[in-house]
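Per my numbering, residue 1 is the first one in the sequence shown, and the count goes up by one each step. Glycine included, C-beta positions come from ideal geometry on N, C-alpha and C.
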Amino acid sequence: MKIAVIGATGMIGHHTANAVIERNHELIILRRSSSNTEKLKDLVYVDRIVDFNDRKSITQGLIGVDAVIHCGAYYPTIPRYWKEDVKLASEQMENFYEACKDIPLHKIVYVGAAIALPKHPEGENGTEEMVYSSTPQNKNPYLQVKYELEEMAKQYASKGLPVVIGIPSMCFGEYDYGPSTGRLIVDISNENLPAYIEGNRNVIYAGDAGRGLVMAAEKGRISERYLFTGTNVSMKNLTKLIADLSGVEPPKKKIPLPIAKVIAHFLEFKAKIFKEEKVKLDSTAVAVMALGQFLDGSKARHEFGFTQSETLEETIKRSLTWFFNEGYINKRDR
């Protein structure tokens, strides 16, 4: 198939693009004119520049494409009122889906987030069956955006578009410019994280997540959700493993979630006042931790034969090597 990837300059998008090639498909990258193509230099692809605010431009970019994997959906990056974020995200995705109506696509894969799954009421591992009965009460912008975009994906699937929802768990791996989730690894390795937020996570190698998303384009059932999962691990054990592999002492202190929320709100308020671009701890990170849970990825395993190829330890090692080589990590005593 000819598979287009949106968001290939990001970690998940880059690994998805790799997987498209590895699974013998033709890779087409849809990108903004301002995208840093240096990040794509290891890929062989057809390059198409698109204005994602222009439906006609998106349609032109999709001509001749069999499937598209959208890894670049909007997410909040600066503190603002959550309804503004939801409006921006919805408008961008509406343009995308409306453009897709004009192309006979085999599959449209929307890449969602595990935060859009409410916790299992009985404390069991989360599955694709977990859904919010109404808009989440937590008004964190990241949660609200991911909830709304998943609802949009379901709505367009019900209207006849071949939409599949792929949900990777917490990803670590190469190409995490920024970094995003890999900030945890960088901060621990550089001994800049004195404390961690309690909670449970599921961690997957980003390369495995990308492969799963391509499998969703190949085999996914329309309107279905698919979790791509790796290893269930507590934050305590995860931070210790990262520290051990980095050759540093692990964070000693644990921050209870209620206190973490207060700290995050204070830091974001301070950032607004002093016009700071980044904060050490933001409400999105706290929300991700608060709503984190162990996950069950058996659906993708049964339907696609999907399994993780990298252990948690190997995933962290690969991430450490990449961050070190890219200059994110100051030192690494192994």
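If you follow the beta strand (DSSP E) that residue i is in, where does it begin and where does it stop?
i: Gly-305; result: First-last for Gly-305: undefined, no H or E at that position.
i: Asn-200; result: 200-205
i: Val-111; result: 107-111
i: Ile-103; result: Segment: none, Ile-103 is in no beta strand (DSSP E) and carries neither H nor E.
i: Ala-195; result: 195-197
i: Ile-255; result: 253-255
Is residue i helix, strand or coil when you go by DSSP?
i: Pro-168; result: strand
i: Arg-80; result: coil
i: Val-248; result: coil
i: Phe-294; result: coil
i: Thr-231; result: strand
i: Leu-377; result: Because the chain is modelled from 1 through 334, residue 377 falls outside the range shown and cannot be assessed.
i: Glu-122; result: coil
i: Leu-27; result: strand
i: Ala-73; result: coil
i: Ala-8; result: coil
i: Tyr-147; result: helix
i: Arg-225; result: strand
i: Arg-334; result: Note that Arg-334 scores 46 on pLDDT, short of 50, meaning its location in the model is unreliable; the coordinates nonetheless yield the value given after this. If DSSP states are grouped into helix, strand and coil, Arg-334 belongs with coil.
By the DSSP assignment, the alpha helix (DSSP H) with residue i in it spans what residues?
i: Val-68; result: Premise fails: Val-68 lies in the beta strand (DSSP E), 67-70, not in any alpha helix (DSSP H).
i: Val-50; result: Taken as a continuous stretch (DSSP letters only), Val-50 belongs to no alpha helix (DSSP H), as it is neither H nor E.
i: Ile-344; result: Residue coverage of the chain in this structure runs from 1 to 334, which leaves residue 344 outside it and unanswerable.
i: Lys-139; result: That residue, Lys-139, is in no alpha helix (DSSP H); it is neither H nor E in DSSP.
i: Gly-61; result: 55-61
Within this structure, are the beta carbons of residue i and residue j separated by less than 8 Å?
i: Ile-58; j: Ala-99; result: yes
i: Ala-116; j: Glu-150; result: yes
i: Phe-96; j: Gly-166; result: no
Residue i and residue j look like a contact to me (Cβ under 8 Å); what is the Cβ gap, rounded to whole Å?
i: Gly-7; j: His-70; result: 7 Å
i: Ser-210; j: Ala-19; result: Looking at the sequence provided, one finds Gly at residue 210 rather than Ser. Indeed they touch by this definition, with Cβ atoms about 4 Å apart.
i: Gly-199; j: Met-235; result: 5 Å
i: Gln-293; j: Gly-61; result: Not confirmed; about 37 Å, so no contact.
i: Ile-316; j: Ile-185; result: 7 Å
Can you have a look at residue i and say buried or exposed, based on whether 16 or more other CB atoms are within 10 angstroms of its CB?
i: Ile-222; result: exposed
i: Val-262; result: exposed
i: Lys-107; result: buried
i: Gln-155; result: exposed
i: Phe-266; result: exposed
i: Asn-330; result: exposed
i: Ser-309; result: exposed
i: Glu-284; result: Correcting the residue identity first, residue 284 is Thr in this sequence and not Glu. By the neighbour-count rule (16 or more Cβ atoms within 10 Å), Thr-284 is buried.
i: Ile-197; result: buried
i: Arg-80; result: exposed
i: Lys-146; result: buried
i: Ser-34; result: exposed
Using only the heavy atoms of the ligand NAD, determine whether one of them is closer than 7 Å to the beta carbon of residue i.
i: Glu-128; result: The ligand NAD is absent from the structure shown, which contains no ligands of any kind.
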